[in-house]
Amino acid sequence: FTPNSVSARETAVANALAIILQKHATLFQSNQRLLAHHHYQIGHLRCMSGNKAAGMEHLETAVQLAPHLPRYRLTHLLAHLGTSHYRRIYRWKTAVFPQWF
């Protein structure tokens, strides 16, 4: 973990998204799907940066808000495997299926 590492950038983006979520909480409450997506993004970035516990919390919230979306459920399940496996699977997925969920 260095200032220029991928983990540092992912952490910074996740922190920025969390601030947006806090600042505009009332706006997000009126759109459950957008709120779920925002939690999904934060959770994914937290998992990618190595903060599995925080990532899992956001991914669980995303699944609760939008249980009909398989992408959120699958990501939540993959996060249980741990950071190194999660990263490996995500990088493989984006290399093989760049447009797939």
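The opening residue of the sequence shown carries number 31 in my numbering; numbering runs sequentially from there. Every residue, glycine too, gets a C-beta built ideally from N, C-alpha and C.
| field | Distance between Val126 and Gln62 (C-alpha atoms, nearest Å) | value | 31 Å
| request: Could you check if Ser79 is buried or exposed, using at least 16 other CB atoms within 10 Å of its CB as the buried criterion? | output: buried
| Ordered along the chain, which non-local residues of its own chain (more than five positions away) have a Cβ less than 6 Å from that of Ala44? | Ile72, Leu75 and Arg76
| task | Out of Asn81, Ala96, Pro128 and Trp122, state which residue places its alpha-carbon closest to the alpha-carbon of His110. | result | Asn81
| query | Where do the N-terminal and C-terminal ends of the alpha helix (DSSP H) with His68 fall, by residue? | reply | Gln62 to Met78
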